Structure formats: C-alpha cells, structure tokens
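One structure below.
Numbering (this note's numbering), first residue to last: 515 to 1463.
Here's what the structure looks like:
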C-alpha cells in the first residue's frame, strides 16, 4: 500500500488484560512515507494485585521474544500496602527503600553500596540525614532545626517550622515566614572547608564549621494575593514588581546597592491577550518585543523585537504541522547571505518521524568550529557572510530512543556515533573510529548509571546522592589535578562552583556562589570580584555586571545586558543599555552552539547563560538544576532522578524532540508552548509545603493522636502503617478511571462511611498528589473529616505536588475543589493533578475545577443562589482549558468564538432534603455547559451533589 504521508495509519494502540490493565502499548514507526511500518511494543507486567512489576521498552521487548533471560528495563517489588520496596533498573541500577510506620522513608540502599538513614523527631519531622558509602565513613550530611512555640517564634511566624537547615554547602536559616508560608527572609552561610561535611549535634560546633560573618541574607515582600512585590538580594540590590488588576506582571525595576544606586526599568508596558499570553513588552533599553499567536489555537506564530527607532533586531516566524510541531523557523531580521555558491537564508527547517522524534534539521553555522564540548571560534560583529554556511543534520535512533548516529553535512564536520550497551540505554561514543566493547561500556558507568568519564582522561566523580561533585579535565600523576567542583544545598540545587587550575607558578582558583537573584564570581589570579545581578524581564532576561575589584578593560561597570530569547528561552541576542548588540548566538537543535559572534572578546567571555536559558560550565556541560546535559552527546550524563516519568529511557533528552520540548530542571519534559503562559513562568514552586498557620493554638480533638511534647496543631495528623491501610487509598488511573490496587473502581453512589464500604464514597473525598519512595507520582484519597483526617496525612506532612477535594463517580473524576487548609495550593498546582489524570487516559473536558467554595455557599446553597452562580462564573475552570492554557474561564470566554465557549454553566441549586443532601444527579458539569447553535446557555440543569457537601 502506498501512502502520501508518513503518519498515515500510525495510531497508538493499547492492549488491556481481563482486568483492564494496559499490558502492551503499540506505536508504529515510519521515517519516510515510502518506508514500511514498524511496530514498537512497550510491555508491562502486573502482579496478582495489579501492581506493575516489570516494564520493557520496544528494544528489550523484542530481544525478550528470543531470550527469556533478557532483563526488564524496570523491575519492582512491593510490600503488602502497595508501596515499592525495591526497584532494579537497567539504566539506574537497583534501589531498596524501607518506609517507617507512617510511610516516611527511613533507610535506603543503592547499587553503589550507598546507605542513607533519616532520623525523625516525635512529630515525624526529619532531624538528621546520615549517609555512608562502600569506602566512605558514615557522615551526618544534613541536620534540621525547628522553632518552638514562644513569643519570639510567633513574631516571625515560624512556630513549629524549619528554621535552620545544615546541608552539604553550609547552613540556611529561614528567619521569617509569611502568612501564605512563603519565606520572607533567609540567610545562607557557606562552609569554610569544601570537603564533605560531617555535621555535629551541637549548634556551636556546627557554627564553627561555617565562614565567619553575618552571612548572605535575602528578603522578599509579597502581596496578600501572594505576588512577589519586592526582593532585596544578599548584596542589597532592590527588585520591585508591579501588577495589573488581573494579577499580571506590569513592570520590573532594579535599584543597585549603594548610595549612588540608580533605578533601572528592566521591563514595562506588558500587554496580554485574553488568554493571558504576553503580546507586547518594552525593555529598559527601549526595545519592544511583540508576540503574535494563531487566533484558532493560540500557538506562537511570530516573535519580534525592534529598537525604539524601529530597527528590527529579531523577527521570528513559526510554522507548524497538524500536531503542533515546529516545521520551520525564519528570522526575517537576518539578511540573506551568499557564500561558496550557496544562498544562505535565515530559515531553519525540521522533520520528524511518526514517533515525533526529530530526524532532520537544517540551519546555518560558523564556517570554523572545534566540535565536542568546545565553542566554535568567536566571530566579530557585524558577522562576515564569508564565515557562515548552511548545514544539514540527520538523526538515527534505535528502538529504545537512543540517538546513535548523527550525520552532519556542512562547513564543519562533527557527526558522531554512539554504541549502546546490550541490555541498557547506557551509551559511549566511538573513539578513533572504534566502537567501545561491552566491557568498556560496563566500565564507563558506575552501578547507578552515572557516567565516569566526560572525554578521554576527563574523570567525573559523583557524591552519594548521585549528584555530580567533581570534573577533572586534567589528571596529573606528579602534581595536583585541574578540577571543577560543585556543592549543593539540601534540595539538590547547586549553590557553589569552584574551579582550580594548576600553572607552572601557582594555582588559580575561580569560584561562583549562587544566591537568590545574584551570583558572586571571583578569581584569585586577576583579583576579580564580580557581582552578576539576575532578573527575569517578561519573556526575556536581564543581567547586570558589577565589578567590586578587577574590572577588565573595554567593558563598563554596572553593564546591563538584555537577553532576547527564542521560544526555548535560549539566549539569541544580547543588548546593552543603548540597545546596541553585544553578542549573537545560534544553536543546533540539540543545544550545541552553531555560531557565536560578539563585538569584543572581553564581553563574550562574560556570557554564561546560553541554550534553553541554562548556564554553560567550562566543561561544556549545561547545568539544569537536577542534572547536567552534554549537548555534543545529545543526552544526559546520568539517569533521571525522577525515574520513569518521561519513558523507559532515562538518558534521553526531551523525548528526542528538542525543537518542541523543554526540560526546566532536568526531571521531565514539557511542550514549550506551555511555558509561554504567564502562570508558568519561573516563580511557582514545583511542590507545596505544609502551612499550618490557621491552626496555631487549636488542638486536635482526637486525643489518641496527641503525642507527648507535640505541638498538637490541628491539621497535622500522621498515620502508622495499619492506620494508612484503614484510612487512605492509593489510586491508579487506567483508561481514564480511578481504581484501587484491587482494580475496583472508586466512587460508587453510596453514602456509607464505614471502612468496609470506603470504595463507595463519592463525596467529601480529600486527595493529595505526592511522591512515593521511588519518586513516582502517587495519588492518595481519604475521607476528609474535620479535626481527625487531614491533607497532611497521606504523605506524613511531606511536600506534595497538589492537594484538594475531589468528586469521583464510578471511577470518573467530575469535579476538583482547590481546598486544603494545610497546604493552601494555588490553582496552578492543579496542573500536576490534571497531568496525572491525563496520562492515565482521563478526558479533561469532562472535569471541572474551582477555587475553594466559601463554606456558607456550600452549607446553604438555596439561600445564596445568586452568590453561588456569580462565584462559579468567576472561579470555575474547565480542566482541559486549565491544563492547556491555565487561564480563567472569564478571560478566555471574552475572546473565543461561541463554538469554543462551553464552560460557563447556568447553576440551579436544588433544596436540601431531610438528610441535608440534595438528590444525587448523574449529570456532570459538562452537561451544564451545553449550548445552542448560537452559543447561548442551554436550559438550567440541577447541580451535582458535590456542590452542597
């Protein structure tokens, strides 16, 4: 059969067993329309309780058909409560974790022989983390100190809260908390000795390990609606933010520290469309950036930047295929160049296979380059047309998603070939034209899958937490090595970088300290001390370079550098305060630099943020937050710490589609279009932490749960293992329906509250979405009961992704309420829950989400008919729209055509019956939204019972 399009006849099939569990997923691969279809089967095996115990990707599944001894990509063992106890990954090695009685992680082991032990207090708060390795003595790597309940603690709003965290980089003091739980003031102290710390128990002894001085203090001021109004960094620089009445950023201003500090407007006059997307903004140097979107689907189709006098700087034009993949990207602000009988147009093109993997890309590059981790030769501005040429890259993947062959045709010649291990996705490049042997592949990674050598002779060292600790680019037998070392805080974020280089005469040490909003950079050889003040400015970013000492010639002090970004947040152009061009950089699809030009070599040296808005280290690695990315290998250098959230290949970079996907922190990929919305710009946390502020002074009525010497705050209740089994339920989503580990659907229509009929509850259900011991997302529900059962219970008060109330009928979610007094989530946190449901096949168009409904409206809806109707008109979200656009109903309703408006219901609340409940209707919120052909609301429908419980 001949087809005219590669995607013709390539559905994704799901094969289910008799229990409804998806045991196989079949995708069909075709590179070109003329190629035959190739079935790619992903296999999952479940135990008798319906728990996934083995997973194979298409590569290992095909091998297993002929060899029963082929391992699974991931094998897991669960305890009787359904909690994973051990996992064995062909990429990341094996792990064993033992939970405590309340589900908290107590001990863990891994394939490298590392062992961690967490100690808890009587309230099950962690107080110390001890770790040791095979040849490493046991160290106390973290200690946690909590405030008591006294007048001083209350004045800083920290009663019972963490106020001191001793971690691998030093000590963090949390001095003040806001009413929403946000940190108002924090102080960071760094360690004197950068060797592995062993924290003593005594506070005085711990203080003696720190650098003397008052530390680095950062302060924040928030509005009552939680928007950040002001930040004062550790060096005294002030950032101020103002917002529109809709809560959208209006302008950002920066005042530098010191008596002569001048206020800089970084961005102003931001204008938004009805979907909350930025349409226009003006930078402090007068450059106006404009965004154009397709009116039908909201996709970005144009991104331009012009000087105040109209001179174009950037004019990006996007075209897409039907699936939303970028097909071409043209920069109309760049001239057409001619070189070597080539017409070099400023257009990049992209081609994909049926699995949405990038298979070919074209663009332009500098004529000379080095390949590997090094940057190409610096070009002067304006760019010489004779130094630019076109290129074509083609990419070939194996069935496991590994990019094994990259062919580069152009002025440079830096194609490369990888060889994969027999039973894993661990890959190494060919060296001197020779592929690595299986033994060399095994030796190239440690037991946890961490790469041991960046390039020949460049050794990598990893700490006990699988964080890159040291890179040794030069190893010497008779002298000290050159090295670059990294120190991380308790959350795994890098806070210090130290680089040491040996010369004939001396050792040169350069250092970077990372603090909120500012970097402190120093160099022992030049005496340079540089403060890099950073800030986001609408869709772009700004850096201010302030030299304390050692200012180089040819660059002004307090230089303001405005970065114009592309759709991936990659820094394409750097401009100064006068909107003059400082540097220009183009990138290959997988992040390598294709061309770098600057007006001076000195200014070029101070560009550190490049591809995807991330910092490029001297090693050539990009630091993402939880992992390091090697763009010349097109893959991560260690397995995903988040596990299998992005598929079975733990090294694969953004699903092999770097044009349309981004990874903000090195854990999971997202479509870049999601990041252009204002609510998803940096500033929102990835997890929620408990906020007990409403509960101060109120004791738990259930006296059996009051522990000796506890603070007894309402809202803090933790369960032992038996209580978890009796009161909580962990759910899975299959074919869009929620079920327990016995494959029983949740939410049958029954109001019995006994534990024997717990499955039949469909109202007053609380839920929390957090991480299990394998760092996999886990949804737990419980019968929310005032003064007895709280949102803190499922995960023992640990940080979660989302929490609230949920209504489930026959396994289908119909309504989610943003209500949790313990965590107080923002509505944006619901994106985590919706993503969890969507991945399980749920139809988000059938689900509605609301802000917390005022108690009086739920208690007596018939007395507040008009108020309730008005409340939902302003606070009800369609889950599909919330997921795709993260906008309020009212905002989108103002602009979309009538055929798209299906989310403003007419509410008719029936009276309560004798039992205080209205008759249960089988109608969903979507039924309310039915409209006639003119887009007007249909007949009023009775509400579902969820509105009055």
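Using N, Cα and C, we set each Cβ at its ideal position, and we do this for glycine too. Note that the structure is predicted; figures quoted are calculated from it, not measured.
Item	Value
Looking at C-alpha atoms only, which residue of 1181, 799, 1110 is the closest neighbour of residue 1142?	1181
Roughly how many angstroms separate the alpha carbons of residue 1332 and residue 1382, rounded to a whole number?	16 angstroms
Given residue 488, which residues of its chain have a CB within under 6 angstroms of its CB, disregarding the five upstream and five downstream residues?	Residue 488 lies beyond the residue range present for the chain, which begins at 515 and ends at 1463; the question has no answer from this structure.
Keeping to the same chain, check which residues put their C-beta closer than 7 angstroms to that of residue 827; ignore five residues upstream and five downstream.	801, 819, 820, 821, 847, 1078, 1087
Keeping to the same chain, check which residues put their C-beta closer than 7 angstroms to that of residue 900; ignore five residues upstream and five downstream.	853
For residue 844 and residue 1050, I'd like the C-alpha separation in whole angstroms.	25 angstroms
With a cut-off of 8 angstroms on the beta carbons, I'd call residue 1336 and residue 1305 a contact; round off their distance for me.	5 angstroms
Assign residue 1330 to buried or exposed, taking buried as 16 or more other Cβ atoms, counted over all protein chains shown, within 10 Å of its Cβ.	buried
What does the Cβ neighbour count give for residue 1084, buried or exposed, with the cut at 16 atoms within 10 Å?	buried
Going by DSSP in three states, residue 748 sits in which element: helix, strand or coil?	coil
Among 739, 718, 745, 737, which one has its Cα closest to the Cα of residue 731?	745
Threshold first: 4 residues or longer. Then list the alpha helix (DSSP H) segments lying entirely within the stretch 1319-1393, N to C.	1344-1353, 1369-1373, 1379-1389
Within the same chain, show all residues whose beta-carbon is closer than 7 angstroms to that of residue 1004, passing over the 5 residues directly before and after it, in chain order.	656, 679, 681
Please confirm if the stretch 645-652 is in contact with the stretch 661-672, defined as three or more CB-CB distances below 8 angstroms between the two stretches.	no
Where does residue 1057 land, buried or exposed, given buried means 16+ other C-beta within 10 angstroms?	buried
Can you tell me the Cα-Cα spacing of residue 594 and residue 1246, whole angstroms?	16 angstroms
I'd like the list of long-range same chain contacts for residue 1397, defined as Cβ closer than 8 angstroms, with 5 residues on each side in sequence excluded.	1345, 1348, 1349, 1352, 1358
Taking residue 778 as the reference, give the member of 989, 766, 772, 546 with the closest Cα.	766
If I follow the unbroken alpha helix (DSSP H) through residue 1116, where does it start and stop?	1115-1119
Taking the straight line between their C-alpha atoms, what separation do you get for residue 748 and residue 1178?	25 angstroms
Going by DSSP in three states, residue 719 sits in which element: helix, strand or coil?	helix
Following the continuous beta strand (DSSP E) through residue 592, name the residue where it begins and the one where it ends.	588-592
Can you check the stretch 837-915 for any beta strand (DSSP E) of at least 3 residues that lies completely inside it and give the ranges in chain order?	840-845, 851-853, 856-858, 861-866, 872-880, 902-911
Just the Cα atoms here: how many angstroms apart are residue 535 and residue 1379?	43 angstroms
Where are the beta strand (DSSP E) runs, 3 residues long or more, that stay fully inside the stretch 988-1038, in chain order?	996-1002, 1008-1016, 1021-1029, 1032-1037
Using only alpha-carbon positions, find the residue among 1017, 1146, 980 that is nearest to residue 647.	980
Taking the alpha-carbon of residue 1107 as reference, which of 944, 893, 1022 has the nearest alpha-carbon?	893
Using the C-alpha atoms, what's the distance from residue 1109 back to residue 599?	49 angstroms
Buried or exposed: which applies to residue 675, given that a residue is buried once 16 or more other Cβ atoms fall within 10 Å of its Cβ?	buried
According to DSSP, is residue 1180 helix, strand or coil?	coil
Which residue wins for smallest C-alpha separation from residue 923, given the options 906, 712, 1369, 543?	906
Would you decide whether residue 1116 is buried or exposed? Buried here means 16 or more other CB atoms lie within 10 Å of its CB.	exposed
Which residues share a DSSP beta bridge with residue 623?	610, 629
At 4 residues or longer, and completely inside the stretch 639-712: list those alpha helix (DSSP H) runs for me, N to C.	665-669
Helix or strand or just coil, what does DSSP make of residue 497?	With the chain covering only 515 through 1463, there is no way to say anything about residue 497.
Pick from 951, 975, 969: whose alpha carbon is nearest that of residue 960?	975
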